[in-house]
Structures are given as C-alpha cells and as structure tokens.
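Taking it in order: structure first as structure tokens, then the write-up.
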Amino acid sequence: MSKGTGALRRGVVPWLLPLALLLGWEVAAKAGWLSARVLPAPSDIAVAFWAALKDGSLPHHVGISAERAVLGLVIGGGLGFALGLINGALPIAEDILDSTLQMLRNVPHLAIIPMVILWFGIGEQAKVFLVAVGVLFPMYLNTFHGIRSVDRGLVEMGRVYGLNPVALYLRVILPGALPAILVGLRYALGIMWLTLIVAETISASSGIGYMTMNAREFLQTDMVLLGIIVYALLGKLADIASRWLERRALDWNPAYRTGLEAA
Amino acid sequence: MMVPLRAVETPDIPDEPPMAGKGLELAFDGITKSFGDAAVLKGLDLTIPAGQFVAVVGRSGGGKTTLMRLIAGLDSPTTGAIRIAGTARRGLQPDVRLLFQDARLLPWQRVLSNVGIARGPGWKERARALLAEVGLADRAGDWPYVLSGGQKQRVALARALVTEPGILLLDEPFGALDALTRVDMHRLLTKVWRQHGFTAVLITHDVAEAVALADRVLVLREGRVAADIAIDIPRGTRAAGNPRLAELERRVLAAV
Numbered sequence: 001m002s003k004g005t006g007a008l009r010r011g012v013v014p015w016l017l018p019l020a021l022l023l024g025w026e027v028a029a030k031a032g033w034l035s036a037r038v039l040p041a042p043s044d045i046a047v048a049f050w051a052a053l054k055d056g057s058l059p060h061h062v063g064i065s066a067e068r069a070v071l072g073l074v075i076g077g078g079l080g081f082a083l084g085l086i087n088g089a090l091p092i093a094e095d096i097l098d099s100t101l102q103m104l105r106n107v108p109h110l111a112i113i114p115m116v117i118l119w120f121g122i123g124e125q126a127k128v129f130l131v132a133v134g135v136l137f138p139m140y141l142n143t144f145h146g147i148r149s150v151d152r153g154l155v156e157m158g159r160v161y162g163l164n165p166v167a168l169y170l171r172v173i174l175p176g177a178l179p180a181i182l183v184g185l186r187y188a189l190g191i192m193w194l195t196l197i198v199a200e201t202i203s204a205s206s207g208i209g210y211m212t213m214n215a216r217e218f219l220q221t222d223m224v225l226l227g228i229i230v231y232a233l234l235g236k237l238a239d240i241a242s243r244w245l246e247r248r249a250l251d252w253n254p255a256y257r258t259g260l261e262a263a
Numbered sequence: 001m002m003v004p005l006r007a008v009e010t011p012d013i014p015d016e017p018p019m020a021g022k023g024l025e026l027a028f029d030g031i032t033k034s035f036g037d038a039a040v041l042k043g044l045d046l047t048i049p050a051g052q053f054v055a056v057v058g059r060s061g062g063g064k065t066t067l068m069r070l071i072a073g074l075d076s077p078t079t080g081a082i083r084i085a086g087t088a089r090r091g092l093q094p095d096v097r098l099l100f101q102d103a104r105l106l107p108w109q110r111v112l113s114n115v116g117i118a119r120g121p122g123w124k125e126r127a128r129a130l131l132a133e134v135g136l137a138d139r140a141g142d143w144p145y146v147l148s149g150g151q152k153q154r155v156a157l158a159r160a161l162v163t164e165p166g167i168l169l170l171d172e173p174f175g176a177l178d179a180l181t182r183v184d185m186h187r188l189l190t191k192v193w194r195q196h197g198f199t200a201v202l203i204t205h206d207v208a209e210a211v212a213l214a215d216r217v218l219v220l221r222e223g224r225v226a227a228d229i230a231i232d233i234p235r236g237t238r239a240a241g242n243p244r245l246a247e248l249e250r251r252v253l254a255a256v
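Residue numbers (full-length UniProt numbering), protein chains in the order written: chain W, 1 to 263; chain R, 1 to 256.
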C-alpha cells in the first residue's frame, strides 16, 4: 500500500462508524421509530443549536459557564501550584502541610456540595468554590511530584556551576518539573468541567447546566442533548489548548515533539 | 576517513608547558573523610602545583569520587583542609569546575545557553568562543538531545571552561564514549589544557588514559596515596609501544 492511501485510510476510516451511526439515528428518528422525546433527530438538534445561537441564549449560558470554570481554575489551580512549589522546595513546609493536604484530597469534592450550598447558597461563589477545590489537588500533587523528581544530577551541576538559589529554581528545577505540572493542568481541566456540570445541574439560574435542566422541565430533549454536546466540545477545546501548550513549552523534549524529528 | 589509530593518538601534540597564569595550586592538608564508621580517605597530604595535569586512578571504593567531591566543595572533609592557591576553602568554589561522568546538560536549554549557564555580562560571546574551541560552533542553536555522547561531553567541557576556572576536575568524563571518540576527546582536552592553563585533576579507572594524558599519576588505594608517579616523557612521544610508557603503565598497574 502506498503512503498516500495509507494516510487517506487513517484520515477517513475512523470517521466512518460515527457517520454511519449518525445517519442511522437520523433515519430512525425521521421514520418515527424513535420518539422525539427519547432521542430527537440530529438535524433537529442542529436547528435547536442555530435557534439558541441566534436568540443569544446559548452564548450567554456558555459565557457564564466558561467564566465560572476559568475563575475556579485560576484560584484553585494557582493555589495548588503555589502549594506544590513551596512543599517541593522546602521540606519544612512539606512536613507542616503535606499530610493535611493528603487527607483533604481523599474527600471527594462533590461530597461537600451540601456544605457549599449552606455556606454560599446557590450563588456564583458556590460554583467557583467547588471548581477551585476540585482542581486544587491535581495541580498540587503533580507540581509537588514534578519538583521532587527533577534530576538530582542537574541540580548538583547547577550548584557546582555557581547558580544562586533563584537561578537554580528558575533555570533547573521549574523547567524540570514542567512536564509533570502540565499533566496536572490537563487533569485539572477535566475535573473543572466535570465539577461545573454537577454544580450547575444541582443549583443554578444560568449556565449550560441550568440550560439543560430547564429544557428537561419543558421536555425539550433537543436542548438537553445540545447542552451535553456543548460540554463535550468545551472539554475537547480545553484538551486541545493544553496539548498545544505542552508542545510549545516542551519543545526540547523529543517525547513531546511532533513531525519528522520525533521518528 | 580512516586514519590509523596510532596517527590520531598524539604526534601532532607538541610537548610544551601550558600557557602560564590561570592555574591554581591545590593542596591537601591531612584530609580524612568518614561516612559513619567507614573511613574513605585516611589522611592525604600532597600538593598539586598550579597548572599541573594530575590523574587519579584506583579501584572503585578507593576514595576517588569522594576526593573529587571534596575538592569541588560538594562535601566537607572530616578533618584537614583543602587549600586553593594557599588559602583554606570551604563550600562551593567559583574557580573550580567539575566535568561530570554524564554531561548533565539541561535538556530544556539550547547548546549555547547550556554553555553560558552562569550567564553574566557578555556570556553569549564567551559561550560562542568556547563552542568554537571545542569544534561545535555550528551547534549553538541545537537542543542537547540531538547531540551524540561525545558532542554532549564537548559542550560540557566548553561550559566548564567558559568561566576560566583555575582548577578543572574531571570525573571519568570519557568512560561512556567509544574508543575513537575517546581519543578525540583526549586530544581536545590536552589542547584546551594548554590554552587555558588550568590545573587539571582527572579521575579515571583507565590506566592507559592516565599515563597518556597526565604529568603525574596518583594511585589511590584504601583511602591513601599508594603511589605518586611522574610521567616524565614528552606528550609527543606517548604513542603505544613506547617502552618507557609501557614501564610507567606497569608501575601504575602494580600499585592499583
């Protein structure tokens, strides 16, 4: 088989099954085998998407959800990152903080939703807080692990070659920990969406979760499905962004390179 | 290009003393070093004159690496003192550089930034000049992972020399290289030693390497200097087959 057909096969074949399923679904819905209340046709979802886009409700809800997600990620992720840096660098900080953090980490953060509602009501803080708690631990653990697993030989080299502690941290330890930190970020992004979906579904007056729950009340199955699809797309978007970041930041690492040189 | 091994070895290196000046005298005053109950170094008293090229050989566990870490300031002696240029020193020294067994280049910095790791004003020009000296001027913009083992070690050599150290420690830096690359590295090391005039302390388990490169070979056994042998033949004539060289090699081997 020539190279051209091989590339074609890899480009086309993975799409055949989803396309066939979509087509079968459309046909089944239009022929009336599937009730629109159970599963509306893909074309109806597309129509609902277009309508929600035009009346501005979809951008409005997506915007609010994204705002909560990003705010929670910045607060919780930033805190986890900072704690990881401190505990990775200072053994005394690790002694004081690490076992407490490990205990808290083992509490499923969604289990504290009742607590959070009691504290914050169902306002914005509740969602941002939950997202922040959810993303804190993956960022903390991976940053800490990354700092701890930096090659000791390189650190020793840096000391012998006269790097002061700040330069050692910036030029040796932090770049060495970066692959693990970015893994933490990818985990955090996944947990960020998951937490937000749950929080918005339970209690909200705006956002994608609210949009879908509201649609459920009125038996608008197409809108419910639309919400699910939007979540999937946002999750994929976050994943693409973090991969792009990895490739940019870890250009030096052959394991993350794409293209010919990786071969 | 195929060149007979003998021809690559030495004849083009004239035997002239290193350019005077930058090397620093290194002295050990009753150095001992113990880890718990285990005494690794049991009393070293010797002086290495400025600019001398010394090789330290010995079996593993004989204290070679410990000695190197003491000179570099990574560890402190249990008793005794290390004097550099006449003054006792403790801790990491700005005029001592160490060439590690593995090159230890930062994988996330390009070759030029690795050489100029200490930065400081004008570091790029200095780093470029040193890269040219080790024959890698055209690799300044590469990532370390594309370099071969020998090239990495040459970058590490350039990095060690960029701050013009008075003492260069070499901890079996050529052990992992193939024979031909090692011969190239020997020539390069001899060349830069001449040009920069640093005091060189080479740790090696390869006796042939020690007698080919050094002015003086110290045999370290069970924490003491078991032999201190001057290699009193000109570098230009240290080709394999030189009977005097063979005899010196035998003496070193006997002491190890």
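Quick reminder that beta carbons are idealized off the backbone N, C-alpha and C, glycines included.
All figures in this text were calculated on a predicted structure; none of them were measured in a lab.
- According to DSSP, R224 of chain R shares a beta bridge with R:R221.
- Inclusion of Q101 of chain R and D171 of chain R in the CB contact set at 8 Å is warranted, their separation being smaller than that value.
- Going by DSSP, R83 of chain R is part of no alpha helix (DSSP H) but of the beta strand (DSSP E) stretching over 79–84.
- Between E156 of chain W and chain R, the shortest Cβ-Cβ separation is below 8 Å.
- With a contact defined as Cβ atoms closer than 8 Å, I45 of chain W and L225 of chain W qualify at about 5 Å.
- The alpha-carbon of V155 of chain W is positioned some 10 Å away from that of L106 of chain R.
- In this structure, G58 of chain R lies near L220 of chain R, with their beta-carbon atoms less than 8 Å apart.
- The three-state secondary structure of T5 of chain W, taken from DSSP, is helix.
- Contact between the segment 199–217 of chain W and the segment 147–161 of chain W is absent, with fewer than three C-beta pairs closer than 8 Å.
- Taking each of R:G223, R:V111, R:R250 in turn and checking the Cα distance to A39 of chain R, the smallest one comes out for R:G223.
- Using a Cβ-Cβ cut-off of 8 Å, I117 of chain R is close to G158, Y161, L163, R171 of chain W, given in chain order.
- Residues of chain R with a Cβ closer than 7 Å to the Cβ of P18 of chain W do not exist, since the nearest Cβ in that chain sits about 38 Å away.
- In terms of beta-carbon proximity, D102 of chain R lines the interface with chain W, with at least one pair separated by less than 8 Å.
- Two segments are said to touch when three or more pairs of C-beta atoms, one from each, lie closer than 8 Å; by this definition the segment 136–148 of chain W touches the segment 80–91 of chain W.
- Residue-level contact by beta carbon fails for G146 of chain W and chain R, as no gap is shorter than 8 Å.
- The segment 108–121 of chain W and the segment 49–60 of chain W do not touch, with fewer than 3 CB-CB distances between them shorter than 8 Å.
- Per DSSP, K64 of chain R lies in no beta strand (DSSP E); the unbroken alpha helix (DSSP H) holding it starts and ends at 64–72.
- For T100 of chain W, the uninterrupted alpha helix (DSSP H) run begins and ends at 91–105, by DSSP.
- Judged by pairs of C-beta atoms under 8 Å, the segment 45–54 of chain R touches the segment 20–37 of chain R, as three or more such pairs exist.
- Rounded to whole angstroms, the gap between the alpha carbons of K191 of chain R and G23 of chain R is 15 Å.
- Looking at the backbone, the Cα of L177 of chain R and that of H196 of chain R are separated by about 24 Å.
- The three-state reading of DSSP puts A39 of chain R in strand, counting E and B together.
- Within the same chain, Cβ atoms closer than 8 Å to the Cβ of I233 of chain R are found at N242, R244, L245, L248, the five residues on either side in sequence being excluded.
- Remark: C-beta atoms of I231 of chain R and A255 of chain R do not approach each other more closely than 8 Å.
- For P107 of chain R, the chain W residues whose C-beta falls within less than 7 Å of its own C-beta are W252, N253, listed in chain order.
- Rounded to whole angstroms, the gap between the alpha carbons of D75 of chain R and M157 of chain W is 14 Å.
- At least one CB atom of chain R sits nearer than 8 Å to the CB of G153 of chain W.
- Under the three-state reduction of DSSP output, S148 of chain R falls in the coil class, being neither helix nor strand.
- Linking T32 of chain R to P165 of chain R through their CA atoms gives a straight-line distance of about 25 Å.
- A buried status is given to D222 of chain W, since no fewer than 16 other beta-carbon atoms sit within 10 Å of its beta-carbon.
- Neighbours of P175 of chain W in chain R, taken as residues at a C-beta separation under 9 Å, are given in chain order as L106, P107, W108, Q109.
- Taking a cut-off of 8 Å on C-beta distances, the segment 68–76 of chain W touches the segment 121–131 of chain W, as three or more cross pairs fall below it.
- One thing to note: R186 of chain W has its Cβ no nearer than 8 Å to the Cβ of D251 of chain W.
- Restricting attention to alpha helix (DSSP H) runs no shorter than 4 residues, the segment 23–84 of chain W encloses them at 42–54, 57–72, ordered along the chain.
- Scanning its chain for C-beta atoms nearer than 6 Å, with the 5 sequence neighbours on each side dropped, one finds around F174 of chain R the residues R182, M185, in chain order.
- In the DSSP assignment, L170 of chain R falls within the beta strand (DSSP E) that extends over 167–171.
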